[in-house]
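So the structure is just underneath, and the comments pick up after that.
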Amino acid sequence: MKMRNLIKERIDSNGYVLGAFVASGSPTNAEILGINGLDFILIDMEHAQTNMESMVDMIRASELYEMAPLVRVYDPFDGPMMARMLDVGVHGLMIPMVETPEHAKYIIDNMKIAPLGKRGIGAGRGPRWGWYTDYNNGECNDSTYVIMQCETRKSVENIDEICMTPGLDCIFIGTADLSQDMGCFGDAKNSEYVRAIEKVLKSCRKHNVVPGIVTGSAEEASMRLKQGFKLVTIMNDLGFFRSQSKNLIDNTRKSMSL
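Per our numbering, residue 1 is the first one in the sequence shown, and the count goes up by one each step.
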């Protein structure tokens, strides 16, 4: 039995992948998104209450439908935590606030085994307790997906050097934090902000790194995909539930007042 890299498979076949942040900690929500044909989820442990046990259940729910389960970590400088998440079966990690090539190298050291990194050999759910016979012979290095977030001016300034990091798969732009750091929070048309996004996209193309970005609608996602981004999130499950439930409640009350 071999470990699969579902993100790479989908990009190779379709040219892009669509995903969602899952902040609810709900395996049921993960399973529903898998049933609906989403390519990947990002289990959010940075801004949500999800614990390790719930995370594993969400991984299992995702795998039922060949939807890649990825995790956004809560501490970008906690290497042992990153390794532990991979040991229990996460297909890849998103690391927030990566600003320097030195930090990028630290992440690879803790996510990849030798000779690429320094991560310890695992024997848990990650290698399926030995079922993945080549997991510790390099298979996990090829199939573990590494996403680093570009969210600050400093990250944009160093993006070319960060993109040169061996083992890096994807640079993902966190638009809210980047625009806030640039002093134009929420202004997607700010010229400096637009140039920053173009610079990141150009560096990704130059170094054969997958460019990723967060979006909040079908229209915005389509625009970013046409711009050249290949890994795009289209929703946060809790934000989606809040907005859609409010629409339903408001429209029902409005209909009763007619």
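Heads up, the beta-carbon is just placed ideally off N, CA and C, and yes, glycines get one too.
Nothing here was measured: the structure is a model prediction, and the numbers come from that model.
By DSSP's assignment, Ala20 forms a beta bridge with Ile41. If you draw a straight line from the Cα of Ile43 to the Cα of Leu258, it is about 42 Å long. Taking C-beta atoms under 8 Å as the contact rule, Gly167 and Gly117 qualify, at a distance of about 7 Å. As DSSP reads the structure, Tyr132 sits in no beta bridge. Using a Cβ-Cβ distance cut-off of 8 Å, the stretch 119–130 and the stretch 95–103 are not in contact, since fewer than three pairs of beta carbons, one from each stretch, lie closer than that value.
The Cβ neighbour count for Ala188, taken over all protein chains shown within 10 Å, is under 16; the residue is labelled exposed. Between Ser26 and the set Glu53, Val90, Val214 and Asn251, the nearest pair of CA atoms involves Glu53. Secondary structure at Val209: coil, using DSSP grouped into helix, strand and coil. Note that the C-beta distance between Tyr145 and Leu70 is below 8 Å. Between the alpha carbons of Val200 and Tyr132 lies a gap of roughly 36 Å. Nearest Cα to Leu6 within the set Ala20, Met67, Asp57 and Thr50: Met67.
Annotated as proximal: Leu18 and Ile234, with beta-carbon spacing under 8 Å. Taking Asp57 as the centre and dropping the five residues before and after it, the same chain places the C-beta of Pro27 closer than 6 Å to its C-beta, in chain order.
Around the beta-carbon of Arg205, fewer than 16 other beta-carbon atoms lie within 10 Å, marking it exposed.
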